[in-house]
Amino acid sequence: MQDLYKFLTAKCKERGVKIEGLPERFDFKFSRTTIYRYMKGILHITKDVQDSFVKLLGLNSEEQAQFAQLISLSTFDETMLAARRKIDKFLFAPKNNQQEFPETDCVYYDRDRYLRTIDEIFSMILDQAGWDDFSCDVKIIGCTQDELLVYVSDFAQKLLSTSPASRVEQLVTFCENDFLQSTEFLLDILPLIVLGMYTVYYRESVTGDCTKIFMGDSMLISCKYTENGAPREKYYALSFIDQAMPECISFEDPFMLSFWTKNYAHLKRCYPFALTHTTDMASMEDELKRLEADHDEYLIKPNPCYNKIPVRVYRRLIDRITPDDIRHVASELMQRGVQDDAEARAILDAMLLSIEERHGSSYKNRHVDVYSKEGLEEFAKTGRISDHMGALPPFDKEEVREILMCIRDRNRDPKDPYTLYVVDKLQYRYYFVVIKGHGLFIECDQHLVEKGSYIFLHVCNHSLLEVFCDYIENHLPVNHVLPAAEITAFIGGLIEKYCA
């Protein structure tokens, strides 16, 4: 990248360092070609090489920060940089609930040919949701380009919100080299995951028999309802072609439906992976415990995750609640009614043991937690973390003090692999757990679903994992994270203000 090369050559000139003499001045044995490739951004500059440049050129703190940012930009293509901006907007920009869609004309066939907009067609279908016994089955192929995805996901959200009997299925290709498209798709579909009855099947490349099948961006919407006491079915097939006007045909012919669905079923075989989501907190706890034992982890959440809280704090809290409270907590954990006191206590003991094991893993492997000032202050004030179990009472002042002191002191300990990043604000709707070398877990805020319920999305995709690792490792620290001393002072201020 030219900006990195210009920066380094300018600093060499300012310090009177000749570029051709750099190899002899490094702590490592590098050829002149290797040095040139580092300076051009062709080779990724590791931390050791970065430190050697800093020492050799005598860079001050401001220059070091600029150097670090240029390094983070140097090894990625434009789609990776655009993906960073997309995540930035998702995490930090105010949520605009009133989305405005541009008018997009569409050729509509229904016994004749008409000109309609996409919004008019979707609105016409959504209006049918009020009919007796209405249900709708939607099958989507592709439709991941940003403007089209916004249209389609908005329609699907409205459909699933108003018609619980409906369902949506989507086939998607995650392009290995288009980090932006994969990131946009994941972030745009999260509201659909919360609603349930939405499934994504995906592939990471097009190989073998799949190359012989072509069905472009398209949708089949199958509606069933009762009209004047008689059951009816009506279908809508939509096609979105690049640089051409979209087309939609409505029909009731079952043979035409069979033709479309057989082709879809054949194509679906080429999408072997699924974005899986679950409401089973216990099974997700077991999976995270297993992965955290051998992998580094990054977390994005407004305030402490429940597994970063020392178990001794939980035990004190549980000792001061009633048997009824314990049964409620156990019922919430198991997603079923737990009436027996002994069973409830056994469930809590098992959960505490799991939390203790996960907490221990953060002392063995690298863990980076990203919290917000706003989220930490809310926790200090209320004693409740952002995904606090509904049946669990708040932590008291002494417990909040111990939790805050734990994360502060661990962050200050150079021998501890735990790192705390604090930013000003974060959105509260979704929490991201990035398991390095494996994939992502996304927890949907319990306030978006029924109280006491949880929804976790598990994503195992290399390009998405690379995007989020890059974002947390290279982009966040340079652009959003407070200095370490400021983080320490801020947490100390919370303890003094709310825990006295």
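Just remember that the numbering used here sits 26 ahead of the position in the sequence shown, which is counted from 1. Backbone N, C-alpha and C fix where the C-beta goes; we use that ideal spot for every residue, glycine too.
For P328 against E383, the beta-carbon gap comes to about 25 Å, at or over 8 Å, which does not count as contact. Measuring C-alpha to C-alpha distances from V507 to each of I468, G465, L446, V485 identifies L446 as the nearest. CA-CA distance, I468 to S78, rounds to 38 Å.
Taking C-beta atoms as the reference points, L141 and V164 fail to come closer than 8 Å. For the 8 Å CB-CB criterion, Y444 and D413 do not form a contact. Rounded to whole angstroms, the gap between the alpha carbons of L246 and T305 is 28 Å.
For the pair V43 and L174, the Cα-to-Cα distance works out to about 53 Å.
Across the structure, K66 and G463 are spaced so that their CA atoms are roughly 28 Å apart. For V75, the uninterrupted alpha helix (DSSP H) run begins and ends at 73 to 83, by DSSP.
Non-local beta-carbon contacts of E428 in its own chain, meaning distances under 6 Å to residues more than five positions away in sequence, involve V339 in chain order. Inter-segment contact for the segment 82 to 95 and the segment 491 to 499 is absent: fewer than three beta-carbon pairs are separated by less than 8 Å. In this structure, DSSP gives F494 a helical state, which the three-state scheme calls helix.
The C-beta of E210 has 16 or more other C-beta atoms within 10 Å across all chains shown, which makes the residue buried.
For A370, the enclosing alpha helix (DSSP H) covers residues 367 to 390. Less than 8 Å divides the Cβ of R41 from the Cβ of G84. Secondary structure note for M150: its alpha helix (DSSP H) is the uninterrupted segment 144 to 153. Per DSSP, the beta bridge partners of K260 are C249. Taking a C-beta distance under 8 Å as the contact criterion, F299 and R193 do not qualify as a contact pair. Collapsing the DSSP output to three states places S265 in a strand. For E202 and Y227, the gap between their C-alpha atoms comes out near 16 Å.
N500 counts as buried, since at least 16 other C-beta atoms from the protein chains shown sit within 10 angstroms of its C-beta. Taking all protein chains shown into account, S387 has 16 or more neighbouring C-beta atoms within 10 Å of its C-beta and is therefore buried.
Collapsing the DSSP output to three states places K423 in a helix. With a 10 Å radius around the Cβ and a threshold of 16 neighbouring Cβ atoms, M282 comes out exposed. Following the DSSP letters along the chain, one finds A300 inside the beta strand (DSSP E) bounded by residues 299 to 304. Each residue's CA atom was taken as its position, placing D345 and K334 some 20 Å apart. The continuous alpha helix (DSSP H) containing V220 extends over residues 205 to 221. Ranked by how close their Cα comes to the Cα of T143, the residues K115, F33, D131 have D131 in first place. Around M271, the same chain offers D131, C132, V133 as residues with beta carbons nearer than 8 Å, after the five sequence neighbours per side are excluded.
The three-state secondary structure of K39, taken from DSSP, is helix. Taking all protein chains in view, the Cβ of P120 is surrounded by fewer than 16 other Cβ atoms within 10 Å, so the residue is classified as exposed. Using a C-beta cut-off of 8 Å, the segment 350 to 365 makes no contact with the segment 433 to 444, since fewer than three inter-stretch Cβ pairs fall below that distance. Short of 8 Å from the beta carbon of H488, and not among the five residues preceding or following it, lie these beta carbons of its own chain, in chain order: E202, E230.
Straight-line measurement puts the Cα of L218 at about 7 Å from the Cα of A182.
A direct Cα-to-Cα measurement between A376 and L490 gives close to 33 Å. Boundaries of the beta strand (DSSP E) around V133: 131 to 135.
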